[in-house]
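According to this note's numbering, the sequence shown is numbered sequentially starting from 982. Read through the structure below, which is laid out as structure tokens, and then see the notes.
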Amino acid sequence: MRELSDALLSWFDQCARKLPWREPASGTRCDPYAVIVSEFMLQQTQVSTVIPYYSRFMERFPDLPTLSHAEEPEVLKYWEGLGYYRRARQLLKLAKTLVFDFAGELPQDRKTLLKLPGIGEYTAGALLSFVFDLPEPAVDGNVLRVISRLDAKAYTMGDVKSQAAVRERVSGLIPPHRAGDFSEALIELGATICLSSSPLCHDCPMSHVCRAYQQGVVAEYPLRQKREKSPVSRMSYVLVHDGTHVFCRRRSEALLHGLYEFISLPRKYKKNDGEKVEEAMRKMSECSKLPFHELRYVADKRVVFSHRVWELSFWELRIEGVESGFVFQDKGDSNVLAVHRQALESMAFPAFLAGWRDAFLAE
Ligand code: SF4
């Protein structure tokens, strides 16, 4: 056991990546706020993608009190393109809870942490070990993979029982003198050496104690959960504008909640279905009585979420004479608002619409 942690820590001392949230802090091992923000951003997202988002976010919201006073639309704007927007909303809720209910302090016990917004078993362990250097396991997919191979045990990715078993196993491995480093080192090993496919076993500091490697069965570990086939939804988006104003809607649905989108139609229209799109739009905007000027097909797009797929077609409809703030009823459950085109820059759109919005703004 000691051999394993010594080998891992000495590798980590030499090879750890220099990451902005890993800077030492006074009073704690790392800055709690920096670790909170980075951990929320890193869920399901790679380090290289996160770094520029993290830097911009920290520049605008440099500490917990600043974030706790922010408005959700602005926080989402800083998250635009990173995906999994629920994390941004939960991070904002967490900041408010910590500032207003915990006097701005991060609790130092797992039980309390687990009751806070957006914090599950992994994040609780990461905060306790990275920030306070406590011997608490932080088991993400990387750690589960590494332990599964080191022990040649058939743990399953994403399986709650496997995660609990690996947490217990890791608890028994954490050296009391460098708990935070050990936690980070295990994750680092999984992220940079013990890769999901084609692990770099020849460069691995653990190969001498790795059972799967010794037995030549690395590819068998860990097990993967069988994935259900994702349901597919088909829709069309229409960017309706008069050159100066654009119709937008803020989503109230759980998926992409709080983000803006253009007008959507509940069918995917094909490239040569222009007349049908126009008909659907006329029905939708009956109350507006706005003259349609020109409709054109823009593109098709396939968007893959974690548990569903959207197949989309994009259209642009030019109309005439819209006043700012003009509103009409969309599907009876939400309002569509006409905003000045410049306002689009400060509104958060899902990544699959953001590129289209930017191209429109650049015209
Ligand atoms: S030897 Fe290979 S399989 Fe074992 S921990 Fe290292 S990289 Fe992973």
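Idealized CB from N, CA, C, for every residue including glycine.
Three-state secondary structure (DSSP) of residue i
i	result
Glu-1169	helix
Tyr-1035	helix
Cys-1268	Here Cys-1268 scores only 49 on pLDDT, less than 50, and its place in the model is too uncertain to base an answer on.
Asn-1253	coil
Leu-1058	Before going on, a small fix: residue 1058 reads as Lys here, not Leu. Helix.
Leu-1276	strand
Leu-1281	The sequence given here has Asp at residue 1281, not Leu. Strand.
Val-1080	helix
Ala-1193	helix
Leu-1087	coil
Leu-1075	helix
Any non-hydrogen atom of ligand 1 within 7 Å of residue i CB
i	result
Arg-1130	yes
Val-1284	no
Met-1187	yes
Pro-1331	no
Tyr-1014	no
Ile-1168	no
Pro-1033	no
Val-1127	yes
Leu-1079	no
Leu-1181	yes
Val-1199	yes
Proximal residues to residue i (C-beta, below 6 Å), its chain only, five neighbours per side dropped
i	result
Ile-1155	Pro-1116 and Phe-1163
Gly-1336	none
Ile-1100	Leu-1094
Pro-1118	Gly-1106, Arg-1148, Val-1151 and Ser-1152
Pro-1331	Leu-1237 and Leu-1240
Sequence-distant residues of its chain with Cβ nearer than 7 Å to residue i (five each side left out)
i	result
Tyr-1103	Ala-1119, Val-1120 and Asp-1121
DSSP bridge partner residues for residue i (one or two, in chain order)
i	result
Ser-1217	Leu-1246 and Ser-1294
Cys-1229	Leu-1318
Cys-996	BP columns for Cys-996 are empty, so no partner.
Tyr-1241	Arg-1231
Thr-1137	Leu-1204
Cys-1011	Pro-1005
Neighbourhood of residue i by C-beta distance below 8 Å, restricted to the same chain and skipping five residues each side
i	result
Leu-1131	Leu-985, Met-1187, Val-1190, Cys-1191, Arg-1192 and Ala-1193
Chain D contact for residue i (CB, 8 Å cutoff)
i	result
Glu-1149	Although the question refers to chain D, the structure presented lacks it and comprises just one protein chain.
Any contact of the stretch 1284-1293 with the stretch 1189-1204, i.e. 3+ C-beta pairs under 8 Å? no
With three or more C-beta pairs closer than 8 Å as the rule, is the stretch 1000-1007 touching the stretch 1042-1057? no
Given 8 Å, three or more beta-carbon pairs between the stretch 1216-1232 and the stretch 1243-1250: yes
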